[in-house]
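Novice: Dropping the structure in here first, questions after.
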Amino acid sequence: MNKVKSKKSKYIIRFLLFTGTIVSLFFVPWLLVKAWILPLPNTVQEQLDEAIDHGFDGIVVYIDQGANPPQYLASGWHDREAEIPAKPQALFKIASISKLYDAVAVTKLVNDRRLSLDKTIADYLPELVGRIENADKITLRLMLQHRSGIPNYTDAPDFWAAPTETYEESLALIADMPANFEPGEDYEYCNTNYLLINKIMDDELGYPNFQFIRQEILDPLSLDNTYRSVTDVKMEDVMGGYHVGYPHNLKTNDYGMHATAEDVGIFLRALNDGSVFEEEEEEEELYASVYEYEHAGWVPGYQSFAHYHKYLDAVVVAFYSTTDPELYYWNLSEIINNRIVKILERQ
Numbered sequence: 018m019n020k021v022k023s024k025k026s027k028y029i030i031r032f033l034l035f036t037g038t039i040v041s042l043f044f045v046p047w048l049l050v051k052a053w054i055l056p057l058p059n060t061v062q063e064q065l066d067e068a069i070d071h072g073f074d075g076i077v078v079y080i081d082q083g084a085n086p087p088q089y090l091a092s093g094w095h096d097r098e099a100e101i102p103a104k105p106q107a108l109f110k111i112a113s114i115s116k117l118y119d120a121v122a123v124t125k126l127v128n129d130r131r132l133s134l135d136k137t138i139a140d141y142l143p144e145l146v147g148r149i150e151n152a153d154k155i156t157l158r159l160m161l162q163h164r165s166g167i168p169n170y171t172d173a174p175d176f177w178a179a180p181t182e183t184y185e186e187s188l189a190l191i192a193d194m195p196a197n198f199e200p201g202e203d204y205e206y207c208n209t210n211y212l213l214i215n216k217i218m219d220d221e222l223g224y225p226n227f228q229f230i231r232q233e234i235l236d237p238l239s240l241d242n243t244y245r246s247v248t249d250v251k252m253e254d255v256m257g258g259y260h261v262g263y264p265h266n267l268k269t270n271d272y273g274m275h276a277t278a279e280d281v282g283i284f285l286r287a288l289n290d291g292s293v294f295e296e297e298e299e300e301e302e303l304y305a306s307v308y309e310y311e312h313a314g315w316v317p318g319y320q321s322f323a324h325y326h327k328y329l330d331a332v333v334v335a336f337y338s339t340t341d342p343e344l345y346y347w348n349l350s351e352i353i354n355n356r357i358v359k360i361l362e363r364q
C-alpha cells in the first residue's frame with residue numbers, strides 16, 4: 018500500500034511540476050523573450066532603435082572602449098509631449114549610481130583620518146541609540162557594504178507615491194523598527210545606510226557633502242555636467258521620465274543627483290583605473306575593501322546602468338526613461354544592456 022501511495026505521489030508531483038511550468042510559461046512577458054531571441058543588430062544604434070519599438074520612451078547610451086573614440090548614442094524622445102528627440106548629452110536622474118560617489122567621498126575622508134570605518138552609528142549619531150536597533154554595533158563599513166540590517170526606508174508602503182523630502186522624514190519611516198538581521202550576518206541593499214552615511218559626512222564636514230564631492234571628485238575630473246539636484250539645472254536639459262500608469266512627465270521631481278551619461282562614464286573609468294584617487298594607493302585599497310566598481314539606479318521614470326567590462330576595456334552607461342511598478346522595463350533594459358555588450362564583442 019505504501020508503494021502504491023508513493024507511486025501516486027510521484028505522478029502527482031510530476032503533474033504539478035508540468036502544469037506549473039505551463040502556467041509560468043503562460044505568464045512570461047513574451048516581449049522579453051522576443052527582445053532576447055531577436056537577431057543581434059549590427060550596431061548599438063540599431064539596438065537602441067529596436068528597444069524603442071519594445072516600448073521605451075527614450076534611451077541614452079555612452080560607450081568608452083579602449084583607444085576608440087567615445088560613442089554618444091540616443092533614440093526615442095527627450096520630451097515625449099513636445100516630441101523633442103532624445104539627446105546624448107541630456108541630464109538624467111542617476112538615482113543609486115550616486116552611491117559610488119558617496120563611497121569614494123567616504124574613502125577620502127577615512128584616508129584623511131576624518132572618519133573611521135570601524136566607528137558606529139552610536140559614535141557618529143548618538144541621538145539614534147534606541148531608535149535604530151544595534152546602533153552600537155553597526156559600523157560605517159557595514160553601512161557602506163549594505164550589511165547593517167537596518168530596514169530600508171524606501172520599502173515603506175506607497176513610498177514612491179509621496180517620497181520623503183528630508184532626512185528627518187526618511188528616518189521616521191524606519192525609526193524604532195526591529196532590525197532585519199544582526200549586523201554583518203547578511204546582506205540587504207538598503208537606502209537607509211546611505212541616508213545615514215550622508216548625514217555623517219555632512220556633520221563631519223560642517224557643510225553639504227556634495228560640495229566635498231565637487232571639490233575632490235568632480236572638479237579634478239572636469240565633470241561639469243554632474244549636479245546635486247534638479248534645482249541646480251536647467252529643466253530643458255533634463256530628459257523626460259515616464260512611469261507606466263502615471264500620465265505626467267516626472268523630470269521636475271527631485272530624486273537627487275543628475276548627470277550626463279558621458280560624465281558618469283568618465284567617473285566610472287576613473288574609479289576603475291584608480292585615477293579618481295589621485296595616485297593615492299591607500300585610498301584605492303580602502304575603497305576596494307568597502308564597495309563595488311559599478312552600479313545601477315532606479316527612481317520612477319528613470320533607470321540607469323553604469324558598468325565596466327574589463328575584458329573589453331569598455332565603460333557602458335545606459336539611461337532608460339521608462340519604468341513600471343512590476344519592473345518589467347527593468348528586466349527589458351537588462352536584456353538590452355547584454356545585447357549591447359554582445360555587439361561590442363562582435364565588433
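Numbering follows this note's numbering, with no gaps: position 282 of the sequence shown is 299. Using N, Cα and C, we set each Cβ at its ideal position, and we do this for glycine too. These numbers come from a predicted model, not from an experiment.
1. Which runs of the beta strand (DSSP E) fall wholly inside the stretch 259-291 and span at least 3 residues, in chain order?
2. Under the rule that 16 or more other beta-carbon atoms within 10 Å means buried, what is D70, buried or exposed?
3. Return the residue from the list A99, L108 and A179 that minimises the CA-CA distance to Y79.
4. Contact between the stretch 51-63 and the stretch 71-91 is defined here as three or more beta-carbon pairs at a separation below 8 Å; is this criterion met?
5. Please name the residue, chosen from S113, A99 and L303, that lies closest to Y206 on a Cα-to-Cα basis.
6. Using only CA atoms, which one of H260, L142 and E185 lies nearest to L344?
7. Residue range of the beta strand (DSSP E) that F389 falls in?
8. Give me, in chain order, the residues of the same chain whose beta-carbon lies closer than 7 Å to that of V45; leave out the 5 immediate sequence neighbours on both sides.
9. Just reading off the alpha helix (DSSP H) that W53 is part of, what are its end residues?
10. Can you list, in chain order, the residues of its chain with a C-beta nearer than 6 Å to that of A152? Leave out the 5 residues immediately preceding and following it.
11. Compute the Euclidean distance between the alpha carbons of G223 and I230, then round it to the nearest angstrom.
12. Can you tell which of L349, Y310, L361 and V316 has the C-alpha that lies nearest to the C-alpha of L329?
13. Identify whether V88 lies in helix, strand or coil by the three-state DSSP scheme.
14. Using 10 angstroms around the beta-carbon of V316, count the other beta-carbons present and answer buried if the total reaches 16, otherwise exposed.
15. Who are the Cβ neighbours of K20 in its own chain at under 8 Å, not counting the five residues just before and after it?
16. May I ask you to list the residues that DSSP assigns as paired with L108?
17. Considering S115, what are the terminal residues of the beta strand (DSSP E) in which it resides?
18. Taking DSSP as the reference, what is the three-state secondary structure of T60?
19. Is it the case that the Cβ atoms of L134 and R158 are separated by a distance below 9 Å?
20. Check I76 in the structure and name its three-state DSSP category.
21. On the CB-based measure, 16 or more other CB atoms within 10 Å of its CB, does M256 come out buried or exposed?
22. To the nearest angstrom, how far is the alpha carbon of N169 from that of T209?
23. Does DSSP put P200 in a helix, in a strand, or in coil?
24. Please report the straight-line C-alpha distance between M194 and K359, rounded to a whole angstrom.
Specialist: On the basis of the coordinates in this document:
1. none
2. Mapped onto the sequence shown, residue 70 falls at position 53. Under a 10 Å Cβ-count criterion, D70 is classified as exposed, with fewer than 16 other Cβ atoms of the shown protein chains found around its own Cβ.
3. On the sequence shown, position 62 is the one that residue 79 refers to. The option with the nearest alpha carbon to Y79 is L108.
4. yes
5. Translated into the one-based positions of the sequence shown, residue 206 becomes position 189. Taking only the C-alpha atoms, the option nearest Y206 is S113.
6. Taking the sequence shown and counting its residues from 1, the one referred to as residue 344 is at position 327. It is H260 whose Cα lies nearest to the Cα of L344.
7. Outside the modelled stretch of the chain, which goes from 18 to 364, sits residue 389, for which no answer is possible.
8. For the purposes of this step, residue 45 is identified with residue 28 of the sequence shown, where counting begins at 1. Bear in mind that the predicted position of V45 carries a pLDDT of just 48, short of 50, making it unreliable; the figure below should be weighed with that in mind. Nothing meets the Cβ criterion.
9. What you label residue 53 is simply residue 36 of the sequence shown in a count that begins at 1. First-last of the alpha helix (DSSP H) with W53: W47 to I54.
10. Here residue 152 corresponds to residue number 135 of the sequence shown, with the count starting at 1. Taking A152 as the centre and dropping the five residues before and after it, the same chain places the C-beta of I138, A139, L145 and V146 closer than 6 Å to its C-beta, in chain order.
11. Position 206 of the sequence shown, counted from the first residue, corresponds to residue 223. Position 213 of the sequence shown, counted from the first residue, corresponds to residue 230. Taking the Cα positions, G223 is about 14 Å away from I230.
12. Along the sequence shown, one-based indexing puts residue 329 at 312. Nearest C-alpha to L329: L361.
13. Residue numbering aside, residue 88 sits at position 71 when the sequence shown is read from its first letter. Checking the displayed sequence, the identity of residue 88 turns out to be Gln instead of Val. Three-state DSSP puts Q88 in a strand.
14. Against the sequence shown, residue 316 aligns to sequence position 299. When all chains shown are included, V316 counts as buried.
15. Counting from one through the sequence shown, the residue named residue 20 turns up at place 3. Note that K20 has pLDDT 40, beneath the 50 cutoff, so the model's placement of it is unreliable and no number is given.
16. Numbered from 1 along the sequence shown, position 91 holds the residue referred to as residue 108. Answer by DSSP bridge pairing, in chain order: V255.
17. Residue numbering aside, residue 115 sits at position 98 when the sequence shown is read from its first letter. Counting along the chain, S115 falls outside any beta strand (DSSP E), though it belongs to the alpha helix (DSSP H) covering S115 to N128.
18. Counted from its first residue, the sequence shown places residue 60 at position 43. Residue state, collapsed to three classes: coil.
19. For this step, residue 134 is matched to residue 117 along the sequence shown. For this step, residue 158 is matched to residue 141 along the sequence shown. Contact: yes.
20. Position 59 of the sequence shown, counting from 1, holds the residue named residue 76. I76 falls in the strand class under three-state DSSP.
21. Stepping through the sequence shown from its first residue, residue 256 is reached at position 239. So M256 counts as buried.
22. Reading the sequence shown from its first residue, position 152 is the one you call residue 169. Reading the sequence shown from its first residue, position 192 is the one you call residue 209. Rounded to the nearest angstrom, the two C-alpha atoms are 5 Å apart.
23. Taking the first residue of the sequence shown as position 1, residue 200 is located at position 183. If DSSP states are grouped into helix, strand and coil, P200 belongs with coil.
24. What you label residue 194 is simply residue 177 of the sequence shown in a count that begins at 1. What you label residue 359 is simply residue 342 of the sequence shown in a count that begins at 1. Answer to the nearest angstrom: the Cα atoms are 45 Å apart.
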